[in-house]
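Chemist: Below are the structure tokens for one structure; questions will follow.
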Amino acid sequence: MEEGKLQRDLADIVLKWPIKDVLNKDLFKDQVARVPNTFQSIHHYFQSFVTPLLEETRADMCSNMEHLSQATTLKIEKSKRLHKGGGSKRRHKEDGFVYNIMVRPLQSSTPTSTSTVGAKEPYIPERDDVFVLTETKPNVAYDLLKEPSSYHVAVVTYVKSDQSGPSYRVQVKASKPIVLPQSDNNDRVLLAVLVMNIKTNGRIWKSLCSDPTMHRNSNVIKDVLHPDSLVVGRCNFCSSRHDIRVKGINLHKELLSFGLNESQMDAVLTSLYARKCGGKHSVKLIWGPPGTGKTKTASVLLWALLQMKCRTLTCAPTNVAVLEVASRLVRLVRETCPTSDCSLGSILLFGNKTRMNIDDDLEDVFLDHRVDRLEECFALSSGWSHHLNSMVEFLEGCVDSYKLYLEYEKKEGEEDSLNKKKEGEEDSSHEKKKEEEDLLTFRNFVQQRFSLQTKGLLECIRILVTHLPATLLSGTNYNLLTNLRHFLQTFESLLAEASIADKEMEEVFAHSEELNSATSLLKGREDKGSTVLLLCKIRSDCLQLLRSLRESLKIPQGLGKHVIQKFCFKGASLILCTVSTSFRLHSVEMDPLEMLVIDEAAQLKECEATIPLQLLGIRRAILIGDECQLSAMVKSKVSESAGFGRSLFERLSSLGLGKELLNMQYRMHPSISSFPNAYFYNNKILDGPNVKDPSYKRKYLPARMYGSYSFINVAEGMEVFDRHSPKNVVEIAVVLQLVRSLFKASRSSKQKVSVGVVCPYSAQVSEIQEKLGKTYEAYSYFTVSVKSIDGFQGGEKDVVIISTVRSNGKGAVGFLSSLQRTNVALTRARHCLWIVGNGLTLSNSGCVWKKVVLDAKSRGCYYNAEEDTQLAEAIISVVT
Numbered sequence: 050m051e052e053g054k055l056q057r058d059l060a061d062i063v064l065k066w067p068i069k070d071v072l073n074k075d076l077f078k079d080q081v082a083r084v085p086n087t088f089q090s091i092h093h094y095f096q097s098f099v100t101p102l103l104e105e106t107r108a109d110m111c112s113n114m115e116h117l118s119q120a121t122t123l124k125i126e127k128s129k130r131l132h133k134g135g136g137s138k139r140r141h142k143e144d145g146f147v148y149n150i151m152v153r154p155l156q157s158s159t160p161t162s163t164s165t166v167g168a169k170e171p172y173i174p175e176r177d178d179v180f181v182l183t184e185t186k187p188n189v190a191y192d193l194l195k196e197p198s199s200y201h202v203a204v205v206t207y208v209k210s211d212q213s214g215p216s217y218r219v220q221v222k223a224s225k226p227i228v229l230p231q232s233d234n235n236d237r238v239l240l241a242v243l244v245m246n247i248k249t250n251g252r253i254w255k256s257l258c259s260d261p262t263m264h265r266n267s268n269v270i271k272d273v274l275h276p277d278s279l280v281v282g283r284c285n286f287c288s289s290r291h292d293i294r295v296k297g298i299n300l301h302k303e304l305l306s307f308g309l310n311e312s313q314m315d316a317v318l319t320s321l322y323a324r325k326c327g328g329k330h331s332v333k334l335i336w337g338p339p340g341t342g343k344t345k346t347a348s349v350l351l352w353a354l355l356q357m358k359c360r361t362l363t364c365a366p367t368n369v370a371v372l373e374v375a376s377r378l379v380r381l382v383r384e385t386c387p388t389s390d391c392s393l394g395s396i397l398l399f400g401n402k403t404r405m406n407i408d409d410d411l412e413d414v415f416l417d418h419r420v421d422r423l424e425e426c427f428a429l430s431s432g433w434s435h436h437l438n439s440m441v442e443f444l445e446g447c448v449d450s451y452k453l454y455l456e457y458e459k460k461e462g463e464e465d466s467l468n469k470k471k472e473g474e475e476d477s478s479h480e481k482k483k484e485e486e487d488l489l490t491f492r493n494f495v496q497q498r499f500s501l502q503t504k505g506l507l508e509c510i511r512i513l514v515t516h517l518p519a520t521l522l523s524g525t526n527y528n529l530l531t532n533l534r535h536f537l538q539t540f541e542s543l544l545a546e547a548s549i550a551d552k553e554m555e556e557v558f559a560h561s562e563e564l565n566s567a568t569s570l571l572k573g574r575e576d577k578g579s580t581v582l583l584l585c586k587i588r589s590d591c592l593q594l595l596r597s598l599r600e601s602l603k604i605p606q607g608l609g610k611h612v613i614q615k616f617c618f619k620g621a622s623l624i625l626c627t628v629s630t631s632f633r634l635h636s637v638e639m640d641p642l643e644m645l646v647i648d649e650a651a652q653l654k655e656c657e658a659t660i661p662l663q664l665l666g667i668r669r670a671i672l673i674g675d676e677c678q679l680s681a682m683v684k685s686k687v688s689e690s691a692g693f694g695r696s697l698f699e700r701l702s703s704l705g706l707g708k709e710l711l712n713m714q715y716r717m718h719p720s721i722s723s724f725p726n727a728y729f730y731n732n733k734i735l736d737g738p739n740v741k742d743p744s745y746k747r748k749y750l751p752a753r754m755y756g757s758y759s760f761i762n763v764a765e766g767m768e769v770f771d772r773h774s775p776k777n778v779v780e781i782a783v784v785l786q787l788v789r790s791l792f793k794a795s796r797s798s799k800q801k802v803s804v805g806v807v808c809p810y811s812a813q814v815s816e817i818q819e820k821l822g823k824t825y826e827a828y829s830y831f832t833v834s835v836k837s838i839d840g841f842q843g844g845e846k847d848v849v850i851i852s853t854v855r856s857n858g859k860g861a862v863g864f865l866s867s868l869q870r871t872n873v874a875l876t877r878a879r880h881c882l883w884i885v886g887n888g889l890t891l892s893n894s895g896c897v898w899k900k901v902v903l904d905a906k907s908r909g910c911y912y913n914a915e916e917d918t919q920l921a922e923a924i925i926s927v928v929t
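Per the numbering used here, numbering through the sequence shown is continuous, rising by one, with the last residue being 929.
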């Protein structure tokens, strides 16, 4: 790749690709070299991923273009060319054809989103969306080749914020000038057909290339180039097992309260020791096989780093994985840290709110929500300072305020009487009496005004203790705020409940805050003295707390959202986001980070990991994952063969970098874990005490066939292909019958059951989903989820039914032979795993599935579907 090309955005390169190149599967075939195991330099390292990334982008576009007839389609209503440099209309080679356009979804367009094809949400344009612009919507990409001049490609470069539709204003860069059809011809329109979004690939591109907006940090990058730079084993500090103390607290002892097993505790402690390690332990691997509690281990590690005030970024490949870690972490903090030393304000989660689907549990750590709340609190005329000063004025001058209130009401009454006299009317004694009764008594005045003042102040206190980071909210101020909240609430309750006269109430507010002054007034009135004395004391305490906070807690005022965002990033000790989203941090002004934790690291392409690894300050990276499960998805066969989907975790592991193994699983019944443990993990994994307990064994259906682990042989299976994906209608019938039987048993026993149906092929998934429809959606005690194996990674269910699909005399099983895919499929079930498949086909495959069949037979867990009457009938209904 030429150096000049490395300086452009990926979008600029995409815009130069003709459609025939996008559809050409051999375009980069001779240019993509295998990604090596070791690298000669940082430049060599980054360069090794550049061409495979281009090929993967092309393949992804090609794949999406196969479905243009179902793609989201917009009508371009307006278009205006933007010219740079004093209105000059000449073409700028570097800027390309840039336009502001207004688009509106076609009424006939299937509403989809860029993230989930077929989703029900209306489409909202996003930056880096790629469109084909054409007057006639193509059914397939090859339609565009018939008239090469009739289309052009455009990439969204900017989306105007705060748009709610149905029309959207966006800025695009196009491959050639955008010319709208003449307005006098209503039959001709210019359409924008959505192809894909290249945001993630574009961020990887900038990470690999010398993008001027990125400030590269090579601390970790230079150490992952080759194994010689990685120190295997532990240094003297790590081996000595020094206690880690934070503010006099032994962190090791604190960690014991989380119930970690020995391997989990070891993984956490060695990660913490690595922070102080003097050696070159820049990368650490934590190996977490299925069900071994790697998310729990990660959340406890982050909790400890939070205690240590270690600025840490935590990433994962997907929103789901990030949210899982964040949820666990927030739960730990709420349960164990009731002080500012470990406040939620020091944790910051950010990303796309819509895609992340933030719930109430995570709202308090989510950036957008935090900015909104702090904006309220920082407001000049209605924020914290306003409410604090108003409360001080009220508690100090309540009696004078009441007098002013009476004077005002009296003046209003006199003016009303004067007006009536002018109009020939006289106030009746009844009206005068009613006006006097309408006046608030001092007690009622205090109750009403105090409640009004307290409401805003309490909300500000809640915002501050929740959202201010520990760097700004000291332990002293945290205690002052929580004490103030308690006193305000107590004072409000006493005012509402106290049965004391106005005179005593005035004495609470009219005299000095010194208690001896109030005590002298109460002599001879012991019946009400205790209440009045308590009110005096609380009023005094409130004023003292308010004045202390006014002096010690300096809150910013009048900041805009953008500045508050910077404030949040600067104050956070733990930041969480997806790996792709971490690209935004390269342009955020904040103190350097120190530690990087990547969860599900084995699912992440190594080139994508370079985005957070280069953030300023990062000196240590902890990768948590399992290379025995699925790696990153790669669309291009060329790039896949070149090792483009390999993770940094897998490469370093293959080079001999030591891994901390989490060696106890808590998910699967031992009869389920037996085969994957032996085949994939060399029997290194122990079964936890919970899964070995007799109560963990469940019998959902009565026959022997339906034990904890079974292979159900469907010899009559019929394998057919739906486009390029196979399906097996006989296995579908068997699966549906198993689900029906489980539902009847669950309804009869009122036992809650979650069922997962796992299939390796999309055609099988779609067919089962279609036949199930919404049959079981109304039942809270019975849930069914049907997904591909890839879609089930990270998931677990009480009962899992695997439909292997393949049924042929040749033993051909396609990508079902993938060891990683098989491992995922076999490790999703808690209590029961039932494998539905053609035993002969799988036995002849010569792959891991042959071992699965032989293992089931040797353990007496192999059954023929016809042994069950209902399954036999289901098969006959399809075969005949």
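Ideal Cβ placement from N, Cα and C applies to all residues, glycine included.
Short of 7 angstroms in beta carbon distance, which residues of its chain neighbour Glu-425, apart from the five on each side in sequence? Order them along the chain.
Modeler: Hits under 7 angstroms: Gly-432, Ile-512.
Chemist: So Tyr-207 and Arg-176 are supposed to be a Cβ contact under 8 angstroms. How far apart are they, rounded?
Modeler: Sure, about 7 angstroms apart at Cβ, within 8 angstroms.
Chemist: Verify whether the separation of the beta carbon atoms of Val-81 and Thr-100 is less than 9 angstroms.
Modeler: Result yes, Cβ atoms of Val-81 and Thr-100 sit closer than 9 angstroms.
Chemist: Can you name the residues that DSSP bridges to Lys-777?
Modeler: Per the sequence shown, residue 777 should be read as Asn rather than Lys. Asn-777 pairs with Glu-768.
Chemist: Given a cut-off of 9 angstroms on the beta-carbon distance, is the pair Val-862 and Thr-890 in contact?
Modeler: For Val-862 and Thr-890, yes; Cβs fall inside 9 angstroms.
Chemist: Can you give me the C-alpha to C-alpha distance between Lys-271 and Ser-199, rounded to a whole angstrom?
Modeler: So the two alpha carbons sit approximately 48 angstroms from each other.
Chemist: Apart from the five residues on each side of it in sequence, which residues of its chain come closer than 7 angstroms, Cβ to Cβ, to Gly-342?
Modeler: So the qualifying residues of the chain are Gln-313, Leu-711, Tyr-715.
Chemist: How would you write the range of the alpha helix (DSSP H) that Asp-839 sits in, first residue to last?
Modeler: Its alpha helix (DSSP H) spans residues 838-841.
Chemist: Would you report the Cα separation of Ile-125 and Val-181, rounded to the nearest angstrom?
Modeler: If you take the alpha carbons of Ile-125 and Val-181, they lie about 12 angstroms apart.
Chemist: I believe Asp-648 touches Arg-360 by the beta-carbon criterion, under 8 angstroms. Please report the beta-carbon distance rounded to the nearest angstrom.
Modeler: 18 angstroms between Cβ atoms; not a contact.
Chemist: Would you list the residues sitting across from Tyr-755 in a DSSP beta bridge?
Modeler: Per DSSP, none; premise fails for Tyr-755.
Chemist: Excluding the 5 residues flanking Leu-598 on each side, which residues of the same chain have their C-beta closer than 8 angstroms to its C-beta?
Modeler: Result list for Leu-598: Leu-437, Asn-526, Leu-529, Leu-530, Leu-533, in chain order.
Chemist: Three or more C-beta pairs closer than 8 angstroms, one from the region 349-363 and one from the region 617-630: is that the case here?
Modeler: Contact holds: three or more Cβ-Cβ distances are below 8 angstroms.
Chemist: Output the distance between the C-alpha atoms of Glu-373 and Gly-308, rounded to the nearest integer angstrom.
Modeler: So the alpha carbons of these two residues sit roughly 19 angstroms apart.
Chemist: DSSP three-state label for Lys-741, please.
Modeler: Looking at Lys-741 - three-state DSSP - the assignment turns out to be helix.
Chemist: How big is the Cα-Cα spacing for Ser-450 and Gln-502?
Modeler: If I take the Cα positions, the gap works out to 14 angstroms.
Chemist: How close, in whole Å, do the beta carbons of Gln-842 and Leu-679 come, if the pair is a contact with beta carbons under 8 angstroms?
Modeler: With 8 angstroms as the limit, Gln-842 and Leu-679 qualify as a contact, their Cβ atoms being about 5 angstroms apart.
Chemist: What separation, rounded to the nearest whole angstrom, lies between the Cα atoms of Glu-541 and Glu-556?
Modeler: Roughly 17 angstroms between the two C-alpha positions.
Chemist: Short of 7 angstroms in beta carbon distance, which residues of its chain neighbour Ala-752, apart from the five on each side in sequence? Order them along the chain.
Modeler: Within the same chain, Ala-752 has close Cβ partners Asp-917.
Chemist: Ordered along the chain, which non-local residues of its own chain (more than five positions away) have a Cβ less than 7 angstroms from that of Asn-496?
Modeler: One point to set straight first is that residue 496 is Gln, not Asn, in the sequence displayed. Leu-544, Ala-545.
Chemist: What are the partner residues of His-201, as DSSP defines its beta bridges?
Modeler: Answer is Leu-182.
Chemist: Which of the three DSSP states, helix, strand or coil, is assigned to Val-280?
Modeler: Bear in mind that a pLDDT of 49 at Val-280, under 50, signals an unreliable position, so the number given afterwards is only what the model happens to contain. Coil at Val-280, not helix or strand.
Chemist: Between the region 848-864 and the region 694-702, do at least 3 Cβ pairs fall closer than 8 angstroms?
Modeler: Cβ pair count under 8 angstroms is below three, so no.
Chemist: Could you tell me the distance, in whole angstroms, from the CA atom of Leu-506 to the CA atom of Ile-91?
Modeler: Straight-line Cα distance between these residues: approximately 55 angstroms.
Chemist: Run through DSSP, which three-state label would His-880 get?
Modeler: If DSSP states are grouped into helix, strand and coil, His-880 belongs with the strands.
Chemist: Which whole runs of the alpha helix (DSSP H) in the region 401-440 are 4 residues long or more, in chain order?
Modeler: With a minimum length of 4 residues, the continuous alpha helix (DSSP H) runs that stay inside the region 401-440 are 402-405, 409-412, 416-427.
Chemist: Between His-516 and Leu-642, is the Cβ-Cβ spacing less than 9 angstroms?
Modeler: Going by C-beta atoms, His-516 is not nearer than 9 angstroms to Leu-642.
Chemist: Could you give the distance in angstroms between the alpha-carbon of Tyr-911 and the alpha-carbon of Asp-211?
Modeler: Near 59 angstroms, if we compare the C-alpha coordinates of Asp-211 and Tyr-911.
Chemist: Rounded to the nearest angstrom, how far is the Cβ of Pro-338 from that of Cys-677, given a contact under 8 angstroms?
Modeler: 7 angstroms between Cβ atoms; contact.
Chemist: According to the neighbour-count rule (16 or more other Cβ atoms, all chains shown, within 10 Å of its Cβ), is Leu-429 buried or exposed?
Modeler: By the neighbour-count rule (16 or more Cβ atoms within 10 Å), Leu-429 is not buried but exposed.
Chemist: Taking its Cβ as the centre, do 16 or more other Cβ atoms sit within 10 Å of Phe-729, making it buried, or is it exposed?
Modeler: Result: buried.
Chemist: Which class does Asn-149 belong to by DSSP, given the choice of helix, strand or coil?
Modeler: Three-state DSSP puts Asn-149 in a strand.
Chemist: When the Cα of Lys-255 is compared with those of Asp-58, Glu-826, Ile-293, which residue comes out closest?
Modeler: Closest option to Lys-255, Cα to Cα, is Asp-58.
Chemist: Terminal residues of the continuous beta strand (DSSP E) containing Tyr-172?
Modeler: No beta strand (DSSP E) holds Tyr-172; DSSP gives it neither H nor E.
Chemist: Give me the Cα-Cα distance between Phe-770 and Ala-812, rounded to the nearest whole angstrom.
Modeler: One C-alpha to the other measures close to 8 angstroms.
Chemist: Under three-state DSSP, which class holds Arg-870?
Modeler: Note: Arg-870 maps to helix in three-state DSSP.
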